[in-house]
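Numbering (the working numbering), first residue to last: 2 to 191. Quick notes on the structure that follows.
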Ligand SMILES: [Zn+2]
């Protein structure tokens with residue numbers, strides 16, 4: 002069964018397993034331990050060549066402080082690291098979103114979904130917030146390469162044979178083998 006966001010079950014599996022394999026093996030908390038580390042990562046993923054004005058695409062000088070608004074020198078539009086992204090306007094920090102996204106990927110990889118009860122208890126969310134965030138984040142993460150959030154937290158890219166055709170059963174099989182290898186490594190078998 003697919004969630005309706007993917008054309009086929011194979012593509013859906015490939016998507017979630019790829020994201021799962023992309024998560025830092027030492028854990029997200031070690032890789033991005035602070036809010037500042039998460040902000041630096043978002044900056045790097047969003048603007049690999051330096052900030053770009055979301056209105057006129059003028060390339061601005063670098064942000065001196067990632068938390069402050071930047072003013073476009075050309076069109077005077079004010080923008081921030083998060084403005085124009087799905088992370089804009091949320092009072093919870095990036096670290097929270099990174100963590101929740103990691104959790105959702107771990108569940109989706111097993112064809113599962115964190116329960117609303119679990120989200121409420123673990124993160125102290127209201128029921129309505131849990132419903133909203135779970136559906137918003139799952140939809141964002143279902144985008145190409147996991148969307149902005151997925152691209153922020155996935156740092157490993159499994160090496161796949163060059164002649165492999167994307168989206169095929171062979172592709173999925175290779176990813177599942179890689180998962181198996183990782184499990185063995187974690188257990189110290191390999
Ligand atoms: Zn501008």
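For glycine and all other residues, C-beta sits at the position ideal for the given N, C-alpha and C. Remember, predicted model here, so these are calculated numbers, not experimental data.
Could you give the DSSP three-state label for residue i: helix, strand or coil?
i: residue 45; result: helix
i: residue 255; result: Residue 255 cannot be examined here, being either before or after the span of the chain that is shown, 2 to 191.
i: residue 62; result: coil
i: residue 71; result: strand
i: residue 18; result: helix
How about residue i: is its Cβ closer than 7 Å to a heavy atom in ligand 1?
i: residue 47; result: no
i: residue 59; result: yes
i: residue 56; result: yes
i: residue 144; result: no
Assign residue i to buried or exposed, taking buried as 16 or more other Cβ atoms, counted over all protein chains shown, within 10 Å of its Cβ.
i: residue 89; result: exposed
i: residue 2; result: With a pLDDT of 49 at residue 2, under the threshold of 50, the modelled position of this residue cannot be trusted; read the value that follows with caution. So residue 2 ends up on the exposed side.
i: residue 26; result: exposed
i: residue 15; result: buried
i: residue 18; result: buried
i: residue 10; result: exposed
Thinking just about the alpha-carbon of each residue, which of the options is nearest to the one in residue i?
i: residue 28; options: 84, 161 and 103; result: 103
i: residue 96; options: 31, 8, 136 and 74; result: 31
i: residue 91; options: 107, 64, 176 and 138; result: 138
i: residue 5; options: 136, 158, 160 and 170; result: 136
Using 8 Å as the Cβ pair cut-off and three pairs as the minimum, do the region 111-119 and the region 47-67 touch? Because the criterion of three Cβ pairs below 8 Å is not met, the region 111-119 and the region 47-67 do not touch.
When you compare the region 143-161 with the region 16-34, are there three or more beta-carbon pairs, one atom per stretch, that lie closer than 8 Å? yes
Is it a yes or a no for the region 131-143 touching the region 180-188, going by three-plus beta-carbon pairs under 8 Å? no
Pair every Cβ in the region 118-126 with every Cβ in the region 57-64, then say whether three or more of these pairs are closer than 8 Å. no
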